[in-house]
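So the sequence shown is numbered by this note's numbering: it starts at 2 and just counts up by one.
Report on the following structure.
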Amino acid sequence: MKGSGPATDWVEIDQFDGGVGWIAYPDETLQRASHALVVDGELWLVDPVDAEGIDDLLAEYGEGAG
2 MKGSGPATDW VEIDQFDGGV GWIAYPDETL QRASHALVVD GELWLVDPVD AEGIDDLLAE
62 YGEGAG
(Lines of atoms letter the chains of each structure in order from A and count residues from 1; the text may use other names and numbers.)
(Lines give C-alpha, C1' and ligand atoms only; values in the text may rest on other atoms or scores of the structure.)
Protein backbone atom coordinates (compact mmCIF):
# COMPACT_ATOMS: atom_id res chain seq x y z
CA MET A 1 0.00 0.00 0.00
CA LYS A 2 1.13 3.54 -0.70
CA GLY A 3 1.60 5.83 2.30
CA SER A 4 -0.52 8.96 2.42
CA GLY A 5 -0.82 11.94 4.69
CA PRO A 6 2.07 13.37 6.69
CA ALA A 7 5.01 11.00 7.15
CA THR A 8 5.48 10.78 10.91
CA ASP A 9 7.17 7.38 11.36
CA TRP A 10 10.14 7.83 9.01
CA VAL A 11 13.25 5.72 9.49
CA GLU A 12 16.89 6.75 9.07
CA ILE A 13 18.45 4.02 6.94
CA ASP A 14 22.04 5.17 6.74
CA GLN A 15 24.31 7.93 7.97
CA PHE A 16 27.80 8.42 6.62
CA ASP A 17 30.49 11.07 6.32
CA GLY A 18 28.81 13.61 4.07
CA GLY A 19 25.26 12.36 4.04
CA VAL A 20 22.22 10.59 5.36
CA GLY A 21 19.34 8.52 4.00
CA TRP A 22 15.77 7.97 5.18
CA ILE A 23 12.52 6.24 4.24
CA ALA A 24 9.49 8.44 4.86
CA TYR A 25 6.93 5.61 4.75
CA PRO A 26 8.68 2.45 6.00
CA ASP A 27 5.46 0.41 6.04
CA GLU A 28 4.88 0.79 2.28
CA THR A 29 5.19 -2.35 0.19
CA LEU A 30 7.47 -0.56 -2.29
CA GLN A 31 9.84 1.51 -0.17
CA ARG A 32 11.35 4.74 -1.52
CA ALA A 33 14.64 5.97 -0.06
CA SER A 34 15.61 9.64 0.08
CA HIS A 35 19.15 10.91 0.55
CA ALA A 36 20.95 14.13 1.44
CA LEU A 37 24.55 14.47 0.26
CA VAL A 38 27.12 17.14 1.08
CA VAL A 39 29.15 17.96 -2.04
CA ASP A 40 31.70 20.79 -2.04
CA GLY A 41 30.10 22.20 1.11
CA GLU A 42 26.56 22.23 -0.33
CA LEU A 43 23.67 19.99 0.74
CA TRP A 44 21.94 18.23 -2.15
CA LEU A 45 18.67 16.33 -1.72
CA VAL A 46 18.12 13.27 -3.91
CA ASP A 47 14.55 12.04 -4.38
CA PRO A 48 13.44 13.74 -1.14
CA VAL A 49 10.18 12.73 0.50
CA ASP A 50 9.23 15.16 3.26
CA ALA A 51 8.62 13.81 6.74
CA GLU A 52 7.77 15.37 10.07
CA GLY A 53 11.06 16.24 11.80
CA ILE A 54 13.31 15.55 8.80
CA ASP A 55 14.40 19.20 8.73
CA ASP A 56 16.00 18.71 12.14
CA LEU A 57 18.02 15.78 10.82
CA LEU A 58 19.12 17.71 7.72
CA ALA A 59 20.04 20.88 9.65
CA GLU A 60 23.24 19.31 10.93
CA TYR A 61 24.45 19.02 7.31
CA GLY A 62 23.80 22.64 6.29
CA GLU A 63 21.32 24.51 4.12
CA GLY A 64 19.90 22.82 1.05
CA ALA A 65 21.41 23.77 -2.32
CA GLY A 66 19.06 21.77 -4.50
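C-beta atoms are modelled at their ideal positions from N, C-alpha and C, and glycine is treated no differently.
Beta-bridge annotation (DSSP): VAL40 is paired with GLU43. TRP11 is a Cβ neighbour of ALA25, given a cutoff of 8 angstroms. Note on geometry: alpha-carbon atoms of GLU13 and GLN32 lie some 13 angstroms from one another. For GLN16 and VAL39, the gap between their C-alpha atoms comes out near 12 angstroms. The residues SER35, HIS36, ALA37, LEU38, in chain order, have a CB closer than 8 angstroms to that of VAL47 in the same chain once the five nearest residues on each side in sequence are set aside.
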